[in-house]
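To start, the structure under review is shown below, and the notes come after it.
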Ligand code: AR6
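Numbering (this note's numbering), first residue to last: 19 to 190.
What follows is the structure, given as structure tokens:
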């Protein structure tokens, strides 16, 4: 899987599927979730209401309405409780389930925000390698490119470091 990093706003990023770092109700979120709902329009919330929530580490798909994408894939990341409540495996599952759903939906490209590293407080230096390693390990039928859309320079630097660490490990 080809991995790219981009610093900016995911609601303006064109990809077949855009991932939303949601909560388990799939309703009433802030952060990137709030931005996605504002940009997509009220039809997105109406469709989310029909889904009856989503478990942490799983993923559900909706239309993307006014966003420059075909689908929004909603995934509730784990809330960080110190690292002993399966947080790493759940975060990995978020990325894997989103990739599978996008691939099954015929998507060629997908864009992710930095899941769980905002309100849910998952440490960025631990989250970034989990995300990058999971993207790198995935091989789909249709899906060819995954972009991590980082909202600020600190987030971008953490993902850049994780990509570099993976490259170094492959060369060693
Ligand atoms: N584009 C890209 N990334 C963004 C954007 C944007 N427009 N806005 C924020 N981010 P968070 P979480 C970044 O808190 O930690 C919500 O209320 C942000 O800087 O949105 O998974 C949900 O409903 C950070 O790097 O998601 C849940 O209740 C990253 O997105 C809860 O927050 C994730 O931050 C989920 O918390």
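Each residue gets a CB set at the ideal place from its N, CA and C atoms; glycine is no exception.
None of the values given here were measured: they were computed from a predicted structure.
*Just curious, the alpha helix (DSSP H) that residue 85 is in, first and last residue?*
No alpha helix (DSSP H) contains residue 85, which DSSP labels as neither H nor E.
*Where the alpha helix (DSSP H) through residue 112 begins and ends*: 105-122
*Relative to the C-alpha of residue 146, which residue among 88, 183, 26 is closest?*
183
_For the ligand AR6, is there any heavy atom lying closer than 7 Å to the beta carbon of residue 138?_
Distance from the C-beta of residue 138 to the nearest heavy atom of the ligand AR6 is below 7 Å.
*Just how far apart, CA to CA, sit residue 76 and residue 89?*
Approximately 16 Å between the Cα atoms of the pair.
*For residue 164, verify whether its CB is less than 7 Å away from any heavy atom of the ligand AR6.*
No.
*asked:* Any heavy atom of the ligand SAH inside 7 Å of the beta-carbon of residue 167?
replied: The ligand SAH is not part of this structure, which contains only the ligand AR6.
*If we count the other Cβ atoms within 10 Å of its Cβ and call it buried at 16 or more, is residue 47 buried or exposed?*
buried
*Grab the span of the beta strand (DSSP E) containing residue 66 for me, first residue to last.*
Unbroken run through residue 66 is the alpha helix (DSSP H), 60-67; no beta strand (DSSP E).
*Below 8 Å between beta carbons: does that hold for residue 128 and residue 27?*
no
*Count the other CB atoms, across all protein chains shown, that sit within 10 Å of the CB of residue 132; report buried if there are 16 or more and exposed otherwise.*
buried
*Cα-Cα, which of 107, 180, 25, 161 is closest to residue 123?*
161
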